[in-house]
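Here the sequence shown stands for residues 1355 to 1681, numbered as in my numbering.
Glycine included, each C-beta is placed from N, C-alpha and C at the ideal position.
One structure is given below, encoded as structure tokens.
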Amino acid sequence: MSNVSILFDLYAKYKRWVVNNPSIVTDVETVATWSSYFVAGKINKSPIVSEFVYSLSKLLSLFNDKLIKEAYGPELEYGLREQIKMWLTIIHYCEVFVELVIKSKYGTRGKWTAATLLQMFKCFSGLVLLFRFKELPIPHPPVPVLQRKKYTEGKDSEDGRASFFTLKRSGRVVRRIDGAPPVALRDWQPIKVKDDTIPSIEVKDLLHAELLHILKPLIHLTAMRIFGTKAWKQWIIALGVDIVSFKLYNRHIKTLSYEQRLEISRRKLSLVLYLLRSPMYNGYSKNVIENVLNSASKKMPIMAFICGPIIQYLNHWQDIYFYMWAS
């Protein structure tokens, strides 16, 4: 048997195992992801090893999601839109690892060069999704994590689309016989179908809001180049771009679908990260966070096992992870 045949046979066996055991696969991926955090500080060049383990676990999860979709869902289409979203997701999981590797080989200049090239690719790809495929807001990551239990049980949509069908001529929604809830739980009300209608991209506020979000990484990198990485001006510019984007979205928030509003809410929550970004972190947040963690360790001795490593590696993590464009 040739090596190619052996590889195909191993791939087929692995695919069957993933499809037949989605819960076990999820547990294995979770352990692999969490192991990346425990590697930090334990071995030489731990940041690179930690990010490698994290990136590998996320890419494996992405690959396994694809196998499950192919097995349980309809035939997947891999057009330009899907390919762009896939590459953006891969970069999302690997960009920190790539930057660390390049920094270890070529220094800080190489790191910023790699970061700029990655953000330029992400920006260009985002513009294609926005203007050609009318997609807004672009989710983060673009290929969301698959809800495997719902998907394998035919409940992959929150509004229960598997429990009804729509008549072609009249458009009337009819409940399936096997889709009705138990008698005790029935409310005898018409089926409520979630409206996933995407507002027209011709709404200029929505277009400008997403355009600002896409361009923010390059705007921020330019500001850092001009004013420096520790200057308040670059911090204020990035925060200002986010706030303007949110205000434009808020004008039409009621017209957005549930998934779109969820993505906007996630972006708003990410504003908290500005407390962990320079120069806010160096001037104000660092002392407050360390005092809170030290106080928790003294009041609850068991917390010392958690707070101690956080305090020890907080500066290191802040330098690696809390970029303005990572949100």
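Residue i in three-state terms, based on DSSP
i     : result
F1417 : helix
V1497 : coil
H1670 : helix
N1375 : coil
A1468 : helix
I1492 : coil
L1481 : helix
H1446 : helix
L1430 : coil
E1507 : coil
I1360 : helix
L1610 : coil
I1587 : Position check: residue 1587 holds Lys in this sequence, whereas Ile was assumed. DSSP places K1587 in helix when its eight states are reduced to three.
V1626 : helix
D1550 : Confidence at D1550 is low in this model, with a pLDDT of 47, below 50, so its placement is unreliable and the value that follows should be read with caution. Coil.
M1440 : helix
R1631 : coil
K1369 : helix
V1382 : helix
V1557 : coil
M1654 : coil
R1605 : coil
G1461 : helix
D1513 : In this prediction, D1513 has a pLDDT of 45, which is less than 50 and means its spatial position is unreliable; nothing more can be read from the coordinates.
G1582 : coil
R1486 : coil
G1662 : helix
Closest residue to residue i among the options (Cα-Cα distance)
i     : options                       : result
L1627 : V1382, Y1391, A1468 and W1671 : W1671
Y1432 : P1633, N1641 and V1497        : V1497
T1467 : I1618, V1382, T1576 and L1430 : T1576
L1338 : L1572, H1562, V1455 and K1412 : Not covered by the structure: residue 1338. The range shown for the chain is 1355 to 1681.
M1587 : S1377, S1599 and H1574        : Note that residue 1587 is Lys in the sequence shown, not Met. Looking at the Cα atoms, H1574 is the closest of the given residues.
P1493 : P1376, E1644, R1621 and G1594 : R1621
V1595 : M1578, L1610 and L1569        : L1569
V1646 : M1634, P1633 and I1660        : I1660
R1631 : M1657, W1589 and Y1667        : W1589
S1409 : I1591, L1593, V1455 and K1653 : V1455
K1558 : V1407, L1593 and S1599        : S1599
E1383 : A1658, Y1635, P1633 and D1419 : D1419
E1507 : L1610, V1373 and F1417        : V1373
A1592 : H1567, F1406, T1609 and K1601 : H1567
L1500 : F1406, R1370 and P1376        : P1376
Rounded Cβ spacing between residue i and residue j (contact assumed at less than 8 Å)
i     : j     : result
F1478 : R1435 : Contact flag wrong, Cβ pair sits at about 14 Å.
P1684 : T1443 : The structure shown does not extend to residue 1684, since the chain spans only 1355 to 1681, so no value can be given for it.
S1404 : S1390 : 5 Å
Y1505 : Y1612 : The pair is not a contact, with the Cβ atoms about 18 Å apart (cut-off 8 Å).
I1402 : S1458 : 6 Å
S1639 : L1629 : 5 Å
L1483 : I1445 : Actually they are not in contact, since the Cβ atoms of L1483 and I1445 sit about 14 Å apart, beyond 8 Å.
R1502 : T1380 : 6 Å
G1637 : S1651 : With a Cβ gap of about 24 Å, G1637 and S1651 do not count as contacting.
Y1447 : K1412 : 4 Å
V1450 : I1674 : 7 Å
I1643 : L1668 : 7 Å
A1469 : E1489 : Not quite, the Cβ-Cβ distance comes to about 25 Å (not below 8 Å), so this is no contact.
Heavy atom of the ligand MG within 8 Å of residue i beta-carbon
i     : result
C1477 : This structure does not include the ligand MG; it has no bound ligands of any sort.
is_contact[residue i, chain B] using C-beta, thresh 9 Å
i     : result
L1410 : No chain B is part of this structure, which consists of one protein chain only.
Given 8 Å, three or more beta-carbon pairs between the region 1574-1587 and the region 1600-1614: no
Stretch-stretch touch, CB-based, cutoff 8 Å, three pairs: the region 1557-1565 with the region 1596-1610: yes
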